[in-house]
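Asks: In the numbering used here, the protein residues as written are 1 to 265.
Don't be surprised by glycine CBs; every beta carbon is placed ideally from N, CA and C.
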Ligand code: 2AM
Ligand code: CA
């Protein structure tokens, strides 16, 4: 049976706006904050409530679809056949807690492992970045143009300082020359938003050493729809069911960064 993507898109957009309003309502409430894998890996009662909000609606409206959610209320997804939703109710939870900004709802919808719909909703700024495979990407109702080439000296690279000091995942000397040679570096603390900013042309490249599928699923569809490249740090395709490094960039710049800094190391 063929999937009615228009109907799904309509539902997601409606639910995302509703979920965003619920998140804003919590701004003057006291949060229950817990840590997960480390002291920087956080979850609040709002993350959990919003994930449940989506899962209840998806199960009712699309009972054959499966859901992979960060907070574990979804299904135990071990393969990507059929329609699979990959959901992060709040990407950038640390920002949500400390700043009440720079966080997003992220949703990717896949059919047999192909990204069909992608959404990143910047709740506070009421900016919805979304894409449907083959139909273009949008910021609210404005189409996002295809990404244009840029050279390293004119590029803004999104990179957390953690990856150019001693860390568990990459030798700091690999990326320090890129930091020196790029026009500038930025870090916002929400992978989904950082990918949306690439799609919108506000950032030129984004490198991070460890994300989970729900952090990048929505952004992946949006970035690819405007001609951006999404791989792991070695230039290999991302696996959707396991944690991975992530390297997102404008097309020519992607190859240039790989060849100049990463492949030679
Ligand atoms: P999260 O807020 O949904 O956990 C922060 O640099 C970015 O990395 C956020 O998008 C955050 O998503 C993500 N991230 C992935 N794994 C993380 C971890 N173990 N600890 C903190 N942030 C993590
Ligand atoms: Ca999250």
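Assign residue 79 to one of three DSSP states: helix, strand, or coil.
Replies: Translated into the one-based positions of the chain shown, residue 79 becomes position 79. It is coil, neither helix nor strand.
Asks: So, at 8 Å on beta carbons, what are the nonlocal neighbours of residue 167 in its own chain, with the 5 sequence-adjacent residues on each side left out?
Replies: Taking the first residue of the chain shown as 1, we reach residue 167 at position 167. Around residue 167: 209.
Asks: Please confirm whether residue 266 and residue 2 have their CB atoms less than 8 Å apart.
Replies: The chain is shown from 1 up to 265; residue 266 falls before or after that span and cannot be answered.
Asks: Please state whether the Cβ-Cβ distance between residue 105 and residue 44 is less than 8 Å.
Replies: Start at 1 with the first residue of the chain shown, and residue 105 comes out as number 105. Start at 1 with the first residue of the chain shown, and residue 44 comes out as number 44. Their beta carbons are not under 8 Å apart, which means residue 105 does not touch residue 44 by this criterion.
Asks: Just checking: is the beta-carbon of residue 173 within a distance shorter than 8 Å of some beta-carbon in chain D?
Replies: You won't find chain D in this structure, because it holds only one protein chain.
Asks: Should residue 107 go down as buried or exposed, given a rule of 16 or more other Cβ atoms within 10 Å for buried?
Replies: For the purposes of this step, residue 107 is taken as residue 107 along the chain shown, with counting starting at 1. Looking at its Cβ environment, which holds 16 or more other Cβ atoms inside 10 Å, residue 107 is buried.
Asks: Helix, strand or coil for residue 101, going by three-state DSSP, please let me know.
Replies: What you label residue 101 is simply residue 101 of the chain shown in a count that begins at 1. Coil at residue 101, not helix or strand.
Asks: Round the Cβ separation of residue 23 and residue 50 to the nearest angstrom and send it over; I've been treating them as touching at under 8 Å.
Replies: Here residue 23 is taken as the residue at index 23 of the chain shown, counted from 1. Here residue 50 is taken as the residue at index 50 of the chain shown, counted from 1. At roughly 6 Å, the Cβ-Cβ gap stays under 8 Å, so residue 23 and residue 50 are in contact.
Asks: For a test of the three-state rule: what should DSSP assign to residue 115, helix, strand or coil?
Replies: Against the chain shown, residue 115 aligns to sequence position 115. Three-state result, residue 115: strand.
Asks: When the distance is taken between beta carbons, is residue 222 closer than 8 Å to residue 120?
Replies: Locating residue 120 in the chain shown gives position 120, counting from the first residue. Locating residue 222 in the chain shown gives position 222, counting from the first residue. Yes, the Cβ-Cβ distance between residue 120 and residue 222 is below 8 Å.
Asks: When the distance is taken between beta carbons, is residue 155 closer than 8 Å to residue 113?
Replies: If you number the chain shown from 1, residue 113 lands on position 113. If you number the chain shown from 1, residue 155 lands on position 155. Cβ atoms of residue 113 and residue 155: not closer than 8 Å.
Asks: What is the DSSP secondary structure of residue 1, reduced to helix, strand or coil?
Replies: Here residue 1 refers to the residue found at position 1 of the chain shown. Note: residue 1 maps to coil in three-state DSSP.
Asks: Residues in the same chain with beta-carbon distance under 7 Å from residue 26, minus the five sequence neighbours each way, listed in chain order, please.
Replies: The residue you call residue 26 lines up with position 26 of the chain shown. Only 46 meet the Cβ criterion.
Asks: DSSP three-state label for residue 72, please.
Replies: Numbered from its first residue, the chain shown carries residue 72 at position 72. In the structure shown, residue 72 sits in coil (DSSP, three-state: anything other than H, G, I, E or B).
Asks: Short check: CB of residue 152 to CB of residue 194, under 8 Å?
Replies: In the chain shown, the residue the question calls residue 152 occupies position 152. In the chain shown, the residue the question calls residue 194 occupies position 194. No. Outside cutoff.
Asks: Below 7 Å, is the gap between the Cβ of residue 89 and the nearest heavy atom of ligand 2?
Replies: Here residue 89 is taken as the residue at index 89 of the chain shown, counted from 1. Because some heavy atom of ligand 2 lies under 7 Å away, the Cβ of residue 89 counts as near it: yes.
Asks: Quick one: measure Cβ to Cβ for residue 84 and residue 110, integer angstroms, because I've assumed they're closer than 8 Å.
Replies: As a working note, residue 84 is residue 84 in the chain shown. As a working note, residue 110 is residue 110 in the chain shown. About 5 Å; that satisfies the 8 Å criterion.
Asks: In its own chain, which residues sit with a C-beta less than 7 Å from the C-beta of residue 58, not counting the 5 before and 5 after it?
Replies: Along the chain shown, one-based indexing puts residue 58 at 58. Within the same chain, residue 58 has close Cβ partners 65, 67 and 85.
Asks: Between which two residues does the beta strand (DSSP E) holding residue 218 run?
Replies: Walking along the chain shown from the start, residue 218 turns up at place 218. Premise fails: residue 218 lies in the alpha helix (DSSP H), 213-225, not in any beta strand (DSSP E).
Asks: Here's the rule: buried if 16 or more other CB atoms are within 10 angstroms of the residue's CB, otherwise exposed. What is residue 35?
Replies: In the chain shown, counting from the first residue as 1, residue 35 sits at position 35. It counts as exposed.
Asks: Are residue 91 and residue 192 closer than 8 Å when you measure CB to CB?
Replies: On the chain shown, position 91 is the one that residue 91 refers to. On the chain shown, position 192 is the one that residue 192 refers to. Yes, the Cβ-Cβ distance between residue 91 and residue 192 is below 8 Å.
Asks: Leaving aside the five residues before and after residue 149 along the sequence, list all residues of the same chain whose C-beta is less than 8 Å from its C-beta, in chain order.
Replies: On the chain shown, residue 149 is found 149 positions in, with the first residue counted as 1. Excluding sequence neighbours, residue 149 sits near 250, 251, 252 and 253.
Asks: Where DSSP assigns a beta bridge to residue 87, which residues make up the other side?
Replies: As a first step, residue 87 is located in the chain shown; it is residue number 87 there, counting from the start. Note: residue 87 sits in a beta bridge opposite 69 and 107.
Asks: Take residue 231 and list the residues in its own chain whose beta-carbon comes closer than 7 Å to its own, dropping the five residues that flank it on each side.
Replies: In the chain shown, counting from the first residue as 1, residue 231 sits at position 231. So the list reads 237, 238 and 247, once near-sequence residues are dropped.
Asks: Closer than 7 Å: is that where the CB of residue 94 sits relative to any heavy atom of ligand 1?
Replies: Translated into positions along the chain shown, residue 94 becomes position 94. Result yes, Cβ under 7 Å from ligand 1.
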